[in-house]
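Trainee:
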């Protein structure tokens, strides 16, 4: 049993058109995913199969071929859009729309198009069976959420990042010193800046909580020769040098 | 007086009996095989229960990974209970002789996607495998620069085969999803399409949904199915396009005239996409269609012979010429990429067979897995071998004209070049690739070849083993051991696919130079720091793992070489920087060097810190070797987190 009309082709064209509009006007992730994902995986492939009038004998076969043809269309689109310098979201939407529309038009004018295969009859699902399937989906989704949470929260290594850099804006008379904590608890540090062996600045009792970042911009005298600036991080708790970083101060 | 047949039995000598048993075991007899059950409705009750079983199994797998991260002893118990709960019930159900086609299909999809889920929850928010990073970097570059064929120093051949990255970009651009989510969505669809296409392919050539389902299950026993073909890597797309092309071709075999040419149009489309997507899959498609054309030319009888020959010949021509044209159009980087691995692998295997002195690469101690995993793998290989032994001649007999016969006449027909379907004959012979792939896997140098071969060889193995199971082991039995034992063997085969998929499939603690086991948040955060504070695009060098993180998360230009002919390993090894290395470093354009002190805590798990072709390291690199940059004038340590340091090299070549 086949589909007696070309309604499926009309739906494909409308879908492709809607995707072009949505990609052009909104950044809504849900809407764009709902319309865009089938455009990559199914819609153009279905239209292509109908245009080629490839005979399929089951819904599974038709779906598999449609996905394959869609993927091939996407790959081809990458090269076409690259050649046209149009590898953009709009470029992709227009490409899939153009392929779908042209294929649908060709298919609509074919006289020898084979019928689409009939969908298999769905098995009857009782209420308790439906409830079990819903529970299964819930458990699997929940398990994934747990995996995401576990990955985000668990840290094997606990550490404090410490760095020194010349000023990012290219200003030669400044240094940036930063501390970021990925420890389990807040830590107290003393920071000392030394230029060519001479103390330049000292910061006492900097308390950095886990996840926090401290940065400071330190003015430094610029000389005719290159200087070496060093930042030392001390941990008063155990009274020892904890980290040491250095950079070069360029001459003027 | 004793009945005559009892007398006759006692007169057979043991040798004759053994020979007769052997013939019966491997022989082409299809008469014991069972026809598929009459079409029936899928059992929703079973489906619902199995869905819940799978969900529970996935929860256990997640718990196993969580426990593994914390190094709890319970981790393997959780994980393997989950895997067994996932694989065993579905496999036992699918392997049943009487089951609705739709139910078999649904359960196959469920199992394939659930195994994919297991791969994804290892790292549920980001890429984790080495190859995934290589393709992730290329996809990110494509999305950012909006141009194809950008160079990728970490995978020089990558830009020539951009099919996967193009599709990922299309999804990201149309949906606005992040790359990892878009890639995962693509892989979910690919996994489903692959199983659907494979099922259709086997069903078309065997005429039996039951054989087809069992063949698909057997394919899941391939070492690349669970992880390698589920990666964000070009082979994951390549194998799908490859199998789709086979399916379309097989389904169109009885068509003539225009309908067949239309199917050929679709095959051409798939083969063209394949040619620009993945070299090995395209190569396998070329071999398959080339051999098919040769077999069709050899075949003596058959309806529509000339037409079939022409179409198959043209398909072969397309399958062979399209990848060659593509390679020619983009410069032949393939030989340089695959050549050394193939050459070393073959040399090592042949040397091993001929008893030649063991090369240095083979001195590395075997990478160990727990005993249970190794035993499962071994048992799976034995069962596959048994399946192949009992399925080979039966598969050939299936291809012979004249239907099921108990004697060897079908094989005589095949030898007289008289067969019904060249596809079955080809697959039966391709299954011989299985022992070859196992042999390669026994060597360190050839392991990669054996592993990659499996992806393609298992298509043939699946069919042959399934024929063996259906026509010999299960037969027409509806009860008893003949129904349970083959299904049990299939569960071991599928479990073998999990045990061979990875050295350690459970997320554990950090290990040195162990690819995915070396990727953890501290390395990722350091790479992100470089992007945030140094900006993107600086020239970095580091060990193999941190290079990946720098390139992907840090968007840095991570280099393997510091100068032409000088690999970065040379500047890391040795307690002092030699004058040659210092000169090369000073003359190079390397901006920063990242040093990971964790490398000094253990020897590399895979045998190398920097490149696979390095001499195998059996002792850890020392801290003094890694920290020697502190002593070099002009070099400064700009970043330190206690484990990872970044050295600024620009003072060395006067840019700072």
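Chains as they are written, first to last, in the numbering used here: chain A, 60 to 311; chain B, 15 to 670. Don't be surprised by glycine CBs; every beta carbon is placed ideally from N, CA and C.
Would you say residue 233(B) and residue 292(B) are within 8 Å of each other, going by their C-beta atoms?
Mentor: Going by C-beta atoms, residue 233(B) is not nearer than 8 Å to residue 292(B).
Trainee: Answer with buried or exposed for residue 103(A), where buried requires no fewer than 16 other C-beta atoms within 10 angstroms of its C-beta.
Mentor: Buried.
Trainee: If you drop the 5 nearest sequence neighbours on each side, which residues of the same chain put their C-beta closer than 8 Å to that of residue 613(B)?
Mentor: Result list for residue 613(B): 526, 527, 557, 623, 634, 635 and 640, in chain order.
Trainee: With DSSP as the reference, identify every bridge partner of residue 263(B), one or two as the case may be.
Mentor: The partner list for residue 263(B) (beta bridge, DSSP) is empty, contrary to what the question assumes.
Trainee: If the cut-off is 7 Å on Cβ atoms, which residues from the region 644-666 of chain B count as contacting chain A, listed in chain order?
Mentor: Correct list: 650, 651, 652, 653, 654, 655, 656, 657, 662 and 665.
Trainee: By the 10 Å Cβ neighbour count, where 16 or more other Cβ atoms means buried, how is residue 474(B) classified, buried or exposed?
Mentor: Residue 474(B) comes out buried.
Trainee: How about residue 228(B): is its C-beta nearer than 8 Å to some C-beta of chain A?
Mentor: Judged by the 8 Å Cβ criterion, residue 228(B) is not in contact with chain A.
Trainee: Look at the alpha carbon of residue 275(B) and the alpha carbon of residue 542(B), and state the distance between them as a whole number of angstroms.
Mentor: Taking the straight line from one Cα to the other gives about 53 Å.
Trainee: Compare the C-beta of residue 247(B) against all C-beta atoms of chain A and say whether one is closer than 8 Å.
Mentor: Not closer than 8 Å to any Cβ of chain A, the Cβ of residue 247(B) fails to qualify, so no.
Trainee: Roughly how many whole angstroms lie between the Cα atoms of residue 660(B) and residue 221(A)?
Mentor: Near 11 Å, if we compare the C-alpha coordinates of residue 221(A) and residue 660(B).
Trainee: Could one say the Cβ of residue 96(A) lies closer than 8 Å to chain B's Cβ atoms, at least one of them?
Mentor: Yes, because at least one Cβ of chain B sits closer than 8 Å to the Cβ of residue 96(A).
Trainee: Which residues of chain B have a Cβ atom closer than 8 Å to the Cβ of residue 191(A), listed in chain order?
Mentor: In chain order: 62, 63, 65 and 66.
Trainee: For residue 133(B) and residue 123(B), what's the separation of their Cα atoms in angstroms?
Mentor: About 15 Å.
Trainee: Which residues of chain B have a Cβ atom closer than 7 Å to the Cβ of residue 179(A), listed in chain order?
Mentor: Simply 116.
Trainee: Please look up how many angstroms separate the CB atoms of residue 219(A) and residue 238(A), rounded, as I've assumed it's under 8 Å.
Mentor: Contact holds; Cβ gap of about 6 Å.
Trainee: Take residue 304(B) and list the residues in its own chain whose beta-carbon comes closer than 8 Å to its own, dropping the five residues that flank it on each side.
Mentor: Excluding sequence neighbours, residue 304(B) sits near 330, 333 and 334.
Trainee: Got a sec? Which residues, its chain only, sit under 7 Å from residue 236(B) by beta carbon, not counting five neighbours each side?
Mentor: Closer than 7 Å at Cβ, skipping near neighbours: 468, 469, 472 and 511.
Trainee: Please confirm if the region 78-90 of chain B is in contact with the region 148-167 of chain B, defined as three or more CB-CB distances below 8 Å between the two stretches.
Mentor: The region 78-90 of chain B, when compared against the region 148-167 of chain B, does not touch it at the 8 Å Cβ threshold.
Trainee: Could you give the residue range of the beta strand (DSSP E) that holds residue 155(A)?
Mentor: First-last for residue 155(A): 148-168, but that is the alpha helix (DSSP H), not the beta strand (DSSP E).
Trainee: Which residues in chain B sit within 9 Å of residue 112(A), going by Cβ to Cβ distance?
Mentor: Residues of chain B passing the Cβ test: 272, 273 and 276.
Trainee: On the DSSP letters alone, give me the boundaries of the beta strand (DSSP E) that residue 210(A) sits inside.
Mentor: From DSSP, residue 210(A) is part of no beta strand (DSSP E) but of the alpha helix (DSSP H) over 186-212.
Trainee: Chain B partners of residue 100(A), CB-CB under 7 Å?
Mentor: Going along chain B in sequence order, the residues near residue 100(A) (Cβ under 7 Å) are 203.
Trainee: Should the region 127-143 of chain B be regarded as contacting the region 193-213 of chain B, the criterion being three or more beta carbon pairs within less than 8 Å?
Mentor: Yes, since at least three Cβ pairs between the region 127-143 of chain B and the region 193-213 of chain B fall closer than 8 Å, the two stretches touch.
Trainee: Could you check which residue in 464(B), 42(B) and 38(B) has the C-alpha nearest to that of residue 442(B)?
Mentor: Considering only alpha carbons, the answer is 42(B).
Trainee: Between the beta-carbon of residue 180(B) and the beta-carbon of residue 236(A), is there less than 8 Å?
Mentor: Cβ distance not < 8 Å, so residue 180(B) and residue 236(A) don't count as in contact.
Trainee: Tell me which same chain residues have a C-beta within less than 8 Å of the C-beta of residue 522(B), skipping the five on either side of it?
Mentor: Excluding residues within five positions, the ones whose Cβ falls inside 8 Å are 82, 83, 85, 89 and 531.
Trainee: Are the CB atoms of residue 225(B) and residue 450(B) nearer to each other than 8 Å?
Mentor: Cβ atoms of residue 225(B) and residue 450(B): not closer than 8 Å.
Trainee: Measuring alpha carbon to alpha carbon, tell me which of 160(A), 197(A) and 116(A) ends up nearest residue 175(A).
Mentor: Of the candidates 160(A), 197(A) and 116(A), the one whose C-alpha sits nearest the C-alpha of residue 175(A) is 116(A).
Trainee: Of all the CB atoms in chain A, is at least one closer than 8 Å to the CB of residue 547(B)?
Mentor: With 8 Å as the cut-off, residue 547(B) counts as an interface residue toward chain A.
Trainee: Using DSSP bridges, identify the partner residues of residue 442(B).
Mentor: The partner list for residue 442(B) (beta bridge, DSSP) is empty, contrary to what the question assumes.
Trainee: Using three-state DSSP, classify residue 82(B) as helix, strand or coil.
Mentor: In this structure, residue 82(B) counts as helix in the three-state DSSP scheme.
Trainee: To the nearest angstrom, how far is the alpha carbon of residue 259(B) from that of residue 112(A)?
Mentor: So the two alpha carbons sit approximately 17 Å from each other.
Trainee: Excluding the 5 residues flanking residue 311(A) on each side, which residues of the same chain have their C-beta closer than 8 Å to its C-beta?
Mentor: If we look at residue 311(A) and ignore the five residues flanking it on each side, its Cβ neighbours are 231, 281, 282 and 283.
Trainee: Specify, as a first and last residue, the run of the beta strand (DSSP E) that residue 259(A) falls within.
Mentor: Residues 257-267.
Trainee: Against chain A, which members of the region 78-111 of chain B pass a CB distance test of less than 8 Å?
Mentor: Within the region 78-111 of chain B, the residues whose Cβ lies closer than 8 Å to some Cβ of chain A are 79, 80, 83 and 84, listed in chain order.
Trainee: For my contact list, residue 199(A) and residue 72(B) are in at a C-beta cut-off of 8 Å; report their separation, rounded to the angstrom.
Mentor: About 5 Å; that satisfies the 8 Å criterion.
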